[in-house]
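Engineer: Residue numbers (numbering that gives the first Met the number 0), protein chains in the order written: chain A, 0 to 603; chain B, 0 to 383.
Please find one structure pasted underneath; my questions will follow.
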Amino acid sequence: MCGIVGYAGRRDALPLLTGGLFNLEYRGYDSAGVALREGDGVTVYKTVGEVDALRAEVPVSSEATVGIGHTRWSTHGKPTDENAHPHTDCTGDVAVVHNGIIDNYDALKAELEGEGHTFASATDTEVVPHLVEDELADGKSAKEAFRAVLDRLEGSFALAMVVGDSDEIYLARQDSPLCVGHGDGETFVGSDVTAFLEHAREVTYLENGDLAVVTLDGVTVEHDGESVERPVEQIEWDADAAEKGGYEHYMLKEIHEQPQALRQALSGRVDELQGTVDLGLDLPAEYLRSLEEIQIVACGTSYHAGLYAAHLIETHADVRVTVHVASEYAFRGGRDPWRTLVVAVTQSGETAETLGALRDAARTGARTLAVTNTVGSSVTRAADDALYIRAGPEIGVAATKTFVSQVATLALFAVHVGRVRGTLSATEASAILGDVRGLPGAVQQALDADEQVRAVAEEYADSEAFFFIGRHLGHPVALEGALKLKEISYDHAEGFPAGELKHGPLALVTEQTPVLAVLTDGANADATLNSVKEAESRGAPVIGCLSDGRGEKLLDDTLDVPEIGEMSPLVANVYLQLFAYHVANLKGRAIDKPRNLAKSVTVE
Amino acid sequence: MKAVILVAGEGTRLQPLTESRPKPMLRVANRPLLEHVVTAVRDAGIDEIVLVVGYRRERIQSYFGDGDDWGVDVTYAIQEKQLGTGHAVLQAESFVEGPFVALNGDRIVESDDIERVVDALRETGETTLAVSRASRPSDYGVVSLEGDSVVDIVEKPPKHAAPSDVVNAGIYGFSPSIFDALRETTAEGELAVTDTLERLVGAGEVEAVMLNGQWIDVSYLWDLLRVNASIVTAETAESAQIDASASVLGDVAVGDDVRVRPGARVLTGTALGDSATVGANAVVANSVVLPDATIGAGAVVRDAVVGENATVGPNVTVEGGESDVPVNGRVHADVRLGGVVGDNAHVGGATTLAPGTVLGNRVDVETGSHADGRIESDALVRRA
Numbered sequence: 000m001c002g003i004v005g006y007a008g009r010r011d012a013l014p015l016l017t018g019g020l021f022n023l024e025y026r027g028y029d030s031a032g033v034a035l036r037e038g039d040g041v042t043v044y045k046t047v048g049e050v051d052a053l054r055a056e057v058p059v060s061s062e063a064t065v066g067i068g069h070t071r072w073s074t075h076g077k078p079t080d081e082n083a084h085p086h087t088d089c090t091g092d093v094a095v096v097h098n099g100i101i102d103n104y105d106a107l108k109a110e111l112e113g114e115g116h117t118f119a120s121a122t123d124t125e126v127v128p129h130l131v132e133d134e135l136a137d138g139k140s141a142k143e144a145f146r147a148v149l150d151r152l153e154g155s156f157a158l159a160m161v162v163g164d165s166d167e168i169y170l171a172r173q174d175s176p177l178c179v180g181h182g183d184g185e186t187f188v189g190s191d192v193t194a195f196l197e198h199a200r201e202v203t204y205l206e207n208g209d210l211a212v213v214t215l216d217g218v219t220v221e222h223d224g225e226s227v228e229r230p231v232e233q234i235e236w237d238a239d240a241a242e243k244g245g246y247e248h249y250m251l252k253e254i255h256e257q258p259q260a261l262r263q264a265l266s267g268r269v270d271e272l273q274g275t276v277d278l279g280l281d282l283p284a285e286y287l288r289s290l291e292e293i294q295i296v297a298c299g300t301s302y303h304a305g306l307y308a309a310h311l312i313e314t315h316a317d318v319r320v321t322v323h324v325a326s327e328y329a330f331r332g333g334r335d336p337w338r339t340l341v342v343a344v345t346q347s348g349e350t351a352e353t354l355g356a357l358r359d360a361a362r363t364g365a366r367t368l369a370v371t372n373t374v375g376s377s378v379t380r381a382a383d384d385a386l387y388i389r390a391g392p393e394i395g396v397a398a399t400k401t402f403v404s405q406v407a408t409l410a411l412f413a414v415h416v417g418r419v420r421g422t423l424s425a426t427e428a429s430a431i432l433g434d435v436r437g438l439p440g441a442v443q444q445a446l447d448a449d450e451q452v453r454a455v456a457e458e459y460a461d462s463e464a465f466f467f468i469g470r471h472l473g474h475p476v477a478l479e480g481a482l483k484l485k486e487i488s489y490d491h492a493e494g495f496p497a498g499e500l501k502h503g504p505l506a507l508v509t510e511q512t513p514v515l516a517v518l519t520d521g522a523n524a525d526a527t528l529n530s531v532k533e534a535e536s537r538g539a540p541v542i543g544c545l546s547d548g549r550g551e552k553l554l555d556d557t558l559d560v561p562e563i564g565e566m567s568p569l570v571a572n573v574y575l576q577l578f579a580y581h582v583a584n585l586k587g588r589a590i591d592k593p594r595n596l597a598k599s600v601t602v603e
Numbered sequence: 000m001k002a003v004i005l006v007a008g009e010g011t012r013l014q015p016l017t018e019s020r021p022k023p024m025l026r027v028a029n030r031p032l033l034e035h036v037v038t039a040v041r042d043a044g045i046d047e048i049v050l051v052v053g054y055r056r057e058r059i060q061s062y063f064g065d066g067d068d069w070g071v072d073v074t075y076a077i078q079e080k081q082l083g084t085g086h087a088v089l090q091a092e093s094f095v096e097g098p099f100v101a102l103n104g105d106r107i108v109e110s111d112d113i114e115r116v117v118d119a120l121r122e123t124g125e126t127t128l129a130v131s132r133a134s135r136p137s138d139y140g141v142v143s144l145e146g147d148s149v150v151d152i153v154e155k156p157p158k159h160a161a162p163s164d165v166v167n168a169g170i171y172g173f174s175p176s177i178f179d180a181l182r183e184t185t186a187e188g189e190l191a192v193t194d195t196l197e198r199l200v201g202a203g204e205v206e207a208v209m210l211n212g213q214w215i216d217v218s219y220l221w222d223l224l225r226v227n228a229s230i231v232t233a234e235t236a237e238s239a240q241i242d243a244s245a246s247v248l249g250d251v252a253v254g255d256d257v258r259v260r261p262g263a264r265v266l267t268g269t270a271l272g273d274s275a276t277v278g279a280n281a282v283v284a285n286s287v288v289l290p291d292a293t294i295g296a297g298a299v300v301r302d303a304v305v306g307e308n309a310t311v312g313p314n315v316t317v318e319g320g321e322s323d324v325p326v327n328g329r330v331h332a333d334v335r336l337g338g339v340v341g342d343n344a345h346v347g348g349a350t351t352l353a354p355g356t357v358l359g360n361r362v363d364v365e366t367g368s369h370a371d372g373r374i375e376s377d378a379l380v381r382r383a
């Protein structure tokens, strides 16, 4: 969740490094720093704050043509100047930046302190330069020293190191992404290609266990002590696609991109005349027919998409579906791994916990499927098959368009599995696919009512807390609506299955706590109206996203949802996204970079 | 050089279609008017574009993004309140450094003509105005010339008083000094570019460039059909599914993921927007069908605009042809407009639409009804 950059070439490294950090900034943002190879030594600049704060600290230019940089999101130690990366050894000649967590750093630190090393920070990272210092003192070369230290580290990491007397950058990857960009007489390093995409489009992705040495001529990689060739891939998409395009925030841009994202998700995959879906998956029909269970593993918004999809798959494919928060996942008893498909849902494809769950499942022998937005991401390499949601880059930390694209893609998957298993007729499939194809237009209709949502947000923005309720497919949407509001407005928000309101949370409902209810097709609206009445009678204002005007009289504010069957709650979700956005914007929150959060969580 | 394109206006004469999108986002040949302008600007060799957006700007921003898909750099200047074209140009001040071209985003022009303005601006450095001849000059700003110099501009003069048939074609070449000139112009209410031009004309500072190419204006709903028919060419997206027993004949544009069902016939002068569906045995002719619209089995849709995500039920008849259509209190006689179905409207099966019917957005028409005239958005039309 932090960002790493590096440069080795002939140009002034400093602006290239800070530029790369700026490109990565959406990933982490409580401190930033660079280490430049200058003369016989290393110069480090680092500071608390965003990359602009770092730009104010560093000189305008420098002689250095080699360096590394980092932008950090705290895991170990508070955001302070000392805890910012790069970290150095006692001599100041070894500088290291790191993403991930070194699990055994306590023991290593105690040992190093016992030997007389002095630590400047509270981070796990700082053990690395001190360990390297010891190995160098034993007469090893920088690369040998780095290799020896890697053998002692446990945990997940992407590391980049520069050493005083060498124009090389040393890299290591273990469960945390790292890639190298090939320019003309210069080489770039990034934890993500967006770090350097404007300079280099030919990219080498490192694999777990790789140790790499970068010079201006390129990269050499070794794995288990053997020299290996990693393929060079051409990046087709553009970093510019990640610009804000006239919107105040990426999040609002991405909310408005949902119709287009959905069209891309559906394009070429749906034949509603035949009632069939072509997802290009390699799952044999015999296998799908033999399935006893589909397990969905995911975190955060992707988990909510999984809950939604579970209802669809169980209903249409007649197979048991369980949804697991990835960090709680274990392949437990009573299951036949050969008859269990494990589906990992992750936007970035790098979510550490989801990857961990997927690998656990694979070890038991279960077949795995990745549902992701990111071609070439770790999850696609770890899973047997990959299904892309094609939403395009998502920069806002709060996921929006990827949620709707995940659900739409999984709805197609549900139809596909149902057809193969013979549990869904062509006619039924055709009707569902018609509803899915109705999504882009229906979502656009909700977006066109943005002014109305803003007015509702203005009315209730200063409330004490917000409750979101819904049943059936409205339940995951209620959870997701509450999550969005929490993430970006920092308000207290909870989502409940509507029926649960009376079993406890109703005690929290007052005139000061608006209730947002999902009252659409596919969400048992009539039953939910009972919960609406319960809230109303405690004086709470109720805002309803409703199809068909059901219960309009009970509601203080209504937002109209077109009737598109089981897809209707997804349109309600668009209103809830806009509501969260406007509440947060009215409060002046840092919407694209909410406090304490990062886009893709690559540590467990 | 940069181009500043003015796209902040609403276009009230084109309601209901401009309730949910600004006029430059109306589509002909499956592309927004503005996209035709952007490609013409690019083909004239300008790759940096400033869009002055305002009304419903999300539609424009989400469509064009940063301009990469068109090979141009697009940035957005925001005009919060629609206070006239002059005020709109002022909003672009911080985005341009040197001389620039300014034009309207809802008028299709040819790239050669934009180049002509660019060349004249490069040569003289003076304010440049593109002019052309018009058959009904009194609908526009009428220009009087002496040689290449503009000596007078009269906005929409009465027919008998038009001093010439040369009119302002709406492409301007400006140097940054225009911003001061705009600021110094006092206008009652909205500030139009032409208010400032009238002042500069008096000082003999405006150069005219006569255009050779066509320029196409969309003022009324039926213009959409006329303009669409005149520029649409046969073009079918790869992802479209056209049944083997359906026919698509003549100049018909078929967008991404369009479905044309068995036995349907789509006839010349038609554009089917992305993900639109034409049901079995339906007939669609000389029509603009916007994205996500559905035309039911057996429907006949002629000379019509079908709004985004609208549903035209089975066996609906929009017979097409000419009719008298009132717009903002004025009746336009004998215009070819079979009907307009607003965005997200639902026309129940077997309904008939009299020629010239305009259904607002989200209008719900009961099965078997007859609709006529202009029906406000969100209305329910009951079977008589």
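A virtual CB, placed ideally from N, CA and C, is assigned to each residue, including glycine.
The structure presented is a predicted model; accordingly, all values stated were derived computationally and were not measured.
(1) Would you mind working out which of A:281, A:261 and A:350 sits nearest residue 175 of chain A, comparing C-alpha positions?
(2) With DSSP collapsed to three states, give me the class of residue 152 of chain B.
(3) Measure the C-alpha to C-alpha separation of residue 58 of chain B and residue 20 of chain B and round it to an integer number of angstroms.
(4) Since residue 9 of chain A is in the beta strand (DSSP E), which residue starts that stretch and which ends it?
(5) When Cβ atoms are compared, which residues of the segment 59-78 of chain B fall closer than 7 Å to chain A?
(6) Note the first and the last residue of the continuous alpha helix (DSSP H) segment covering residue 529 of chain A.
(7) Do you know how far the Cα of residue 237 of chain B is from the Cα of residue 285 of chain B?
(8) Shortest alpha-carbon distance to residue 13 of chain A belongs to which of A:317, A:255, A:408 and A:44?
(9) Give the residues from the segment 303-320 of chain B that approach chain A closer than 7 Å (Cβ to any Cβ), ordered along the chain.
(10) Kindly provide the ranges of any alpha helix (DSSP H) runs that are 4 or more residues long and lie completely inside the segment 95-147 of chain B, ordered along the chain.
(11) State yes or no: is the C-beta of residue 169 of chain B within less than 8 Å of the C-beta of residue 154 of chain B?
(12) By DSSP's criteria, residue 160 of chain A is part of a beta bridge. Which residues make up the other side?
(13) Going by the CB atoms, is the gap between residue 539 of chain A and residue 513 of chain A shorter than 8 Å?
(14) Just to make sure I have the definition right: I need the residues of chain B whose C-beta is within less than 8 Å of the C-beta of residue 15 of chain A. Which are they?
(15) Excluding sequence positions up to five away, which residues of its chain have a Cβ less than 8 Å from the Cβ of residue 322 of chain B?
(16) Output, in chain order, the set of chain A residues within a Cβ distance shorter than 7 Å of residue 274 of chain B.
(17) Residue 259 of chain A lies in the alpha helix (DSSP H); which residues open and close that run?
(18) Assuming residue 8 of chain A and residue 180 of chain A make a contact with CB atoms under 8 Å, what is their CB distance in whole Å?
(19) Does DSSP put residue 5 of chain B in a helix, a strand or coil?
(20) Measure the Cβ-Cβ separation of residue 428 of chain A and residue 417 of chain A and say whether it is below 8 Å.
(21) Could you round the C-beta distance between residue 276 of chain A and residue 368 of chain A to whole angstroms and report it? I think they count as a contact, below 8 Å.
(22) Could you confirm whether any beta carbon from chain B is found closer than 8 Å to the beta carbon of residue 256 of chain A?
(23) What residues in its chain sit with their C-beta under 7 Å from that of residue 407 of chain A, if we drop five residues either side in the sequence?
(24) Verify whether the separation of the beta carbon atoms of residue 301 of chain A and residue 373 of chain A is less than 8 Å.
(25) Indicate whether at least one CB of chain A lies closer than 8 Å to the CB of residue 200 of chain B.
(26) Who are the neighbours of residue 446 of chain A on chain B, taking C-beta pairs under 8 Å?
(27) Going by DSSP, name the residue or residues bridged to residue 515 of chain A.
(28) From A:271, A:222 and A:342, pick the residue whose C-alpha is nearest to that of residue 384 of chain A; which is it?
(29) Is it the case that the Cβ atoms of residue 396 of chain A and residue 596 of chain A are separated by a distance below 8 Å?
(30) Along chain B, in chain order, which residues have C-beta atoms closer than 7 Å to that of residue 245 of chain A?
(31) Excluding the 5 residues preceding and the 5 following residue 365 of chain B in the sequence, name in chain order all residues of the same chain whose CB lies nearer than 7 Å to its CB.
(32) Residues of chain A with CB under 9 Å from residue 376 of chain B, in chain order?
(33) Leaving out five residues on either side along the sequence, give the residues of the same chain with a beta carbon under 7 Å from the beta carbon of residue 80 of chain A.
(34) May I ask you to report which of helix, strand or coil DSSP gives residue 349 of chain A?
(35) How big is the Cα-Cα spacing for residue 240 of chain A and residue 200 of chain A?
(36) Compare the C-beta of residue 343 of chain B against all C-beta atoms of chain A and say whether one is closer than 8 Å.
Structural biologist: Result, derived from the coordinates:
(1) Taking residue 175 of chain A as reference, the option from A:281, A:261 and A:350 with the minimal CA-CA separation is A:350.
(2) It is a strand residue.
(3) Looking at the backbone, the Cα of residue 58 of chain B and that of residue 20 of chain B are separated by about 6 Å.
(4) Counting along the chain, residue 9 of chain A falls outside any beta strand (DSSP E), and DSSP gives it neither H nor E.
(5) Under the 7 Å Cβ criterion, the segment 59-78 of chain B contributes 60, 61, 64, 65, 67 and 75.
(6) Note, residue 529 of chain A: alpha helix (DSSP H), 524-536.
(7) The straight-line gap from Cα to Cα measures roughly 22 Å.
(8) The candidate whose alpha carbon is nearest that of residue 13 of chain A is A:44.
(9) Those would be 307 and 308, in chain order.
(10) Runs of the alpha helix (DSSP H) inside the segment 95-147 of chain B: 110-123.
(11) Contact check for residue 169 of chain B against residue 154 of chain B fails: the beta carbons are separated by 8 Å or more.
(12) Looking at the DSSP assignment, residue 160 of chain A forms a beta bridge with A:95 and A:169.
(13) Cβ atoms of residue 513 of chain A and residue 539 of chain A: closer than 8 Å.
(14) Simply none; closest approach about 22 Å.
(15) Sequence-distant Cβ neighbours of residue 322 of chain B in its own chain, meaning closer than 8 Å and more than five residues away, are 333, 334, 336, 353, 354 and 355.
(16) Residues of chain A passing the Cβ test: 262, 436 and 439.
(17) Its alpha helix (DSSP H) spans residues 257-265.
(18) A Cβ-Cβ distance of about 11 Å is found for the pair residue 8 of chain A and residue 180 of chain A, leaving them out of contact under the 8 Å criterion.
(19) Under the three-state reduction of DSSP output, residue 5 of chain B falls in the strand class.
(20) Between residue 428 of chain A and residue 417 of chain A, the C-beta gap is smaller than 8 Å, which places the two residues in contact.
(21) The C-beta distance from residue 276 of chain A to residue 368 of chain A rounds to 15 Å, too long to fall under 8 Å, and the pair is not in contact.
(22) Chain B, which has a Cβ nearer than 8 Å to the Cβ of residue 256 of chain A, makes this yes.
(23) Cβ neighbours of residue 407 of chain A within its own chain (closer than 7 Å, five residues either side excluded): 261, 264, 265, 435 and 438.
(24) In this structure, residue 301 of chain A keeps its C-beta atom at 8 Å or more from the C-beta atom of residue 373 of chain A.
(25) Residue 200 of chain B does not count as touching chain A.
(26) Chain B residues near residue 446 of chain A: 57.
(27) Per DSSP, A:467 and A:542.
(28) It is A:342.
(29) Their beta carbons are under 8 Å apart, which means residue 396 of chain A touches residue 596 of chain A by this criterion.
(30) Within chain B, 52, 56, 60 and 75 have C-beta atoms less than 7 Å from the C-beta of residue 245 of chain A, given in sequence order.
(31) So the list reads 347, 380, 381 and 382, once near-sequence residues are dropped.
(32) Close to residue 376 of chain B, with beta-carbon spacing below 9 Å, lies no residue of chain A; the smallest spacing is near 11 Å.
(33) For residue 80 of chain A, where only same-chain residues beyond five positions count, the Cβ hits under 7 Å are 45, 46 and 47.
(34) Coil at residue 349 of chain A, not helix or strand.
(35) With a pLDDT of only 45 at residue 240 of chain A, under 50, the local geometry of the prediction cannot be trusted, and the value read off the model is given with reservation. Straight-line spacing of the CA atoms in residue 240 of chain A and residue 200 of chain A works out to 15 Å.
(36) With 8 Å as the cut-off, residue 343 of chain B counts as an interface residue toward chain A.
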